[in-house]
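Sequential numbering of the sequence shown, starting at 542, is according to the working numbering.
Following: one structure in structure tokens, then a few remarks.
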Amino acid sequence: GLAGRPKASGVWSVPGVWTIPAPLGGPARLVTDRFASIRWSPDGRLFAAVLANPLVGDAIVVSGTDGQDERIIVPAGGGTHLHQVAWSPDGQYLYYALSLEPNHTVGEIYRAPVAGGSPERIVRTSGVAIHPAPTPDGTAVVYAGDHNGEGLNIWWHPLDGTPERRLTAGAGEYTEPYLSRDGRALVCLARRRKGELIRIAVDAPGSPTVPAQRRAGLAWRGVGLPLVKLTCQVEHHVPAKPALLAQDAEH
């Protein structure tokens, strides 16, 4: 499992990354205090992470799961913010959101080859595109976007150049999509009067009508390793971050 601990480093804070035995728990072990936004590779052998530095810009790196053998995939520069790293299902690419503003008032989605090479822009917009989630079959990326000032919605963006489609509709904003293993459903945050965690059938866009339990709870996911136990807390009606759907797309 992964957990964070704030640690002062200059004028910003960097979360520590810890491993904790699952599912029964045990002594926590600090892996590194350099990384933020950790993501396991599909085969469970690598970390992808952000090296955060608001002074010169963020970088994206890949390392072993012990934090060693660090390799820069996207170098820092220009004060740009790189957030929300996501692996492609084949482990060949890293998707991420790029913004010049720390609060993502504008931004686009890029991907970079893990083997090395120049990043390419995947979602171009004059608004904001954040939280990329590549589909399991590698043919599309799902993301949260606001293109025309109408609020964040979940979009399905094919990688073959065909038109993208909007998956959500109705009052509120929708963000942080996570796809099921089979790609047929996703969960995301719905920001309404009260935050909700909802499930959407991606083959039936426009009807996100399955709310999950609103209170704090536990979620489980498989990563090719022992199950990882995630605990979420909700305070002041701010929704907890969703965990990845389990393989059965029900949990």
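A virtual CB, placed ideally from N, CA and C, is assigned to each residue, including glycine.
Only a predicted model underlies this, so the values are computations on that prediction, with no experimental measurement involved.
Pairing Val-602 with Ala-674, the inter-Cα distance amounts to about 18 Å. Look at the segment 663 to 727 and you find no whole run of alpha helix (DSSP H) that is 4 residues long or longer.
Apart from sequence neighbours up to five positions away, the residues of its chain that approach Glu-661 with a beta-carbon distance below 7 Å are Tyr-651, Arg-652, ordered along the chain. Within the same chain, and ignoring the five residues on either side of Arg-586 in sequence, the residues whose Cβ sits closer than 8 Å to its Cβ are Gly-605, Thr-606.
Val-655 carries a coil assignment under DSSP once its states are collapsed to helix, strand and coil. Assigned with DSSP and collapsed to three states, Ala-627 falls in strand.
Straight-line spacing of the CA atoms in Ser-640 and Glu-649 works out to 7 Å. In this structure Tyr-634 is not in contact with Gln-625, their Cβ atoms being roughly 14 Å apart against a cut-off of 8 Å. Where Ala-569 is concerned, there is no enclosing beta strand (DSSP E), because DSSP gives it neither an H nor an E. As the crow flies, the alpha-carbon of Asp-701 is around 8 Å from that of Ala-681.
Put simply, of Leu-730, Arg-665, Gly-724, Ala-726 the residue whose alpha carbon is nearest the alpha carbon of Leu-693 is Leu-730. Excluding its 5 nearest sequence neighbours in each direction, Thr-709 has C-beta neighbours in its own chain below 6 Å: Asn-694, Ile-695, Tyr-715, Pro-749, listed in chain order.
Cβ-Cβ separation between Ala-600 and Ala-627: approximately 16 Å, too far for a contact (criterion under 8 Å).
Annotation for Phe-588: the continuous beta strand (DSSP E) segment containing it runs 587 to 592. Per the C-alpha coordinates, the member of Ser-629, Ile-671, Arg-732 positioned closest to Ala-656 is Ser-629. Taking C-beta atoms under 8 Å as the contact rule, Gly-608 and Pro-677 fail to qualify, at a distance of about 28 Å. In terms of Cα proximity to Thr-703, the closest of Val-664, Ala-670, Gly-632, Ser-659 is Val-664. Per DSSP, Thr-560 is one residue of the beta strand (DSSP E) stretching across 558 to 560.
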